[in-house]
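Q: Numbering (our numbering), first residue to last: 38 to 262. This is the structure, below, for whatever I ask next.
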Amino acid sequence: MKITFYGHASLGIQIKDINILVDPFISPNEKASQIDINTLKADYILVTHAHQDHIVDVEAIAKRTGAVVVSNFEIVNYFGALGIDGHPMNHGGKWDFEFGTVKYVNAIHTSSFPDGSYGGQPGGFVIEGEHKNVYIAGDTALTFDMKLIPLQTKLDLAILPIGDNFTMGVDDAIIASDFIGCDKVMGYHYDTFGYIEIDHEVAKRKFFERDKDLMLLEIGDFIEL
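What follows is the structure in structure tokens.
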């Protein structure tokens with residue numbers, strides 16, 4: 038499993054020959070100006086919620102690649118009306134895709150489309166691949182619901198928002214890693230704009246002091262599990 042950071046909360050996940058994008062917000066992000074969305078491969082696009090900073094590039098990429106949008110019912114219907122194939126899910130549900138099992142789990146946030154219309158309830162994804170399991174939290178506050186995840190899935194990596202203000206920050210993300218039983222964390226949803234700028238060294242030190250590993254990737258960099 039190869040995971041690439043495209044800035045903000047945007048990810049690329051490659052599992053064997055399947056390419057997955059998560060929450061593509063790339064073209065308007067000045068910090069990700071080196072990433073050309075027209076070169077990105079996508080068989081599936083996972084969308085955690087409907088806010089603009091998570092969906093802005095979905096339509097262009099899906100129409101170019103034929104990718105299937107996986108999200109809540111309302112988001113899938115929204116993109117379906119634009120001629121884009123989708124697979125609707127809701128909280129607690131899971132589905133066996135060709136790349137592994139996906140479970141749609143709870144997130145504490147809001148969800149509306151850029152025009153203000155209802156975007157369904159926000160969520161996160163637990164992906165169980167053939168060999169590695171990953172939790173993508175989406176935009177969320179710290180929640181006791183996270184404690185349910187390790188009852189069924191042993192995680193190899195958790196991808197958690199750490200920018201604070203709109204989501205949990207570093208301190209709550211450390212508690213979240215305890216709840217989910219995963220000490221290997223990749224941070225996202227930070228530094229894109231002023232409200233969510235963080236001190237990288239302080240964040241890493243706080244995780245280290247709790248015997249945890251926080252990875253803050255440069256945009257375009259990747260890790261392999």
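Here a beta-carbon is modelled for each residue, glycine too, at the ideal position from N, C-alpha and C. The model shown is predicted, which means the values in this text are computed figures rather than measured ones.
Out of L48, E135, K140 and G218, which one is the CA nearest neighbour of V95?
A: To locate residue 95, count along the sequence shown from 1; it is residue 58. Closest by alpha carbon: L48.
Q: Could you tell me the distance, in whole angstroms, from the CA atom of D73 to the CA atom of F42?
A: Translated into the one-based positions of the sequence shown, residue 73 becomes position 36. Translated into the one-based positions of the sequence shown, residue 42 becomes position 5. D73 and F42: Cα-Cα distance of roughly 13 Å.
Q: Write down every uninterrupted run of the beta strand (DSSP E) in the region 173-257 whose length is 3 residues or greater and which is fully enclosed by it, in chain order.
A: 194-198, 221-225 and 250-252
Q: How close, in whole Å, do the beta carbons of P198 and Y172 come, if the pair is a contact with beta carbons under 8 Å?
A: Taking the sequence shown and counting its residues from 1, one reaches residue 198 at position 161. Taking the sequence shown and counting its residues from 1, one reaches residue 172 at position 135. Not confirmed; about 12 Å, so no contact.
Q: Based on Cα-Cα distance, which residue from K184, T190 and T180 lies nearest to I205?
A: Counting from 1 along the sequence shown, the entry for residue 205 is found at position 168. It should be pointed out that residue 205 corresponds to Met in this sequence rather than to Ile. For the residues K184, T190 and T180, the minimum Cα distance to M205 belongs to T180.
Q: Pull up the distance between the alpha-carbon of I92 and that of F245, whole angstroms please.
A: For the purposes of this step, residue 92 is identified with residue 55 of the sequence shown, where counting begins at 1. For the purposes of this step, residue 245 is identified with residue 208 of the sequence shown, where counting begins at 1. Straight-line Cα distance between these residues: approximately 33 Å.
Q: Pop quiz: I256 and K68 are said to be a contact at Cβ under 8 Å. What is the actual Cβ separation, rounded to whole angstroms?
A: On the sequence shown, position 219 is the one that residue 256 refers to. On the sequence shown, position 31 is the one that residue 68 refers to. That pair is a contact at about 6 Å.
Q: DSSP three-state label for N75, please.
A: Taking the first residue of the sequence shown as position 1, residue 75 is located at position 38. In this structure, N75 counts as helix in the three-state DSSP scheme.
Q: Less than 7 Å between the C-beta atoms of G157 and S148, yes or no?
A: Stepping through the sequence shown from its first residue, residue 157 is reached at position 120. Stepping through the sequence shown from its first residue, residue 148 is reached at position 111. Going by C-beta atoms, G157 is nearer than 7 Å to S148.
Q: Once the 5 residues before and after H237 are set aside, which same chain residues still bring their CB inside 6 Å of it?
A: Looking up residue 237 in the sequence shown gives position 200. The answer, listed in chain order, is L253.
Q: Verify whether the separation of the beta carbon atoms of I164 and V142 is less than 7 Å.
A: For the purposes of this step, residue 164 is taken as residue 127 along the sequence shown, with counting starting at 1. For the purposes of this step, residue 142 is taken as residue 105 along the sequence shown, with counting starting at 1. No, Cβ-Cβ distance for I164 and V142 is not below 7 Å.
Q: Have a look at D250 and K241 and give me their C-alpha separation to the nearest angstrom.
A: Within the sequence shown, the letter at position 213 stands for residue 250. Within the sequence shown, the letter at position 204 stands for residue 241. Roughly 7 Å between the two C-alpha positions.
Q: Suppose contacts are defined by Cβ-Cβ distances below 7 Å. Is L83 in contact with F162 by that definition?
A: Residue 83 sits at position 46 when you count from the first residue of the sequence shown. Residue 162 sits at position 125 when you count from the first residue of the sequence shown. Their beta carbons are under 7 Å apart, which means L83 touches F162 by this criterion.
Q: Nearest to G137 by CA position, among L192, I52, I235 and A210, is which residue?
A: As a first step, residue 137 must be located in the sequence shown, where it is residue number 100. Selected option, being the one with the closest Cα: I52.
Q: Which residues share a DSSP beta bridge with V163?
A: To locate residue 163, count along the sequence shown from 1; it is residue 126. K140 and Y172.
Q: Here's the rule I'm using: 16 or more other beta-carbon atoms within 10 Å means buried, otherwise exposed. How should H168 be labelled?
A: Position 131 of the sequence shown, counting from 1, holds the residue named residue 168. Exposed, because fewer than 16 other Cβ atoms sit within 10 Å of the Cβ of H168.
Q: Between C219 and the rest of its own chain, which residues show a CB-CB distance below 6 Å, the 5 nearest in sequence each way excluded?
A: Start at 1 with the first residue of the sequence shown, and residue 219 comes out as number 182. Cβ within range, chain order: L192 and A195.
Q: Pick out whichever of F259, A174, G129 and Y81 has its Cα sitting closest to the Cα of V113.
A: The residue you call residue 113 lines up with position 76 of the sequence shown. That would be Y81, whose Cα lies nearest to the Cα of V113.
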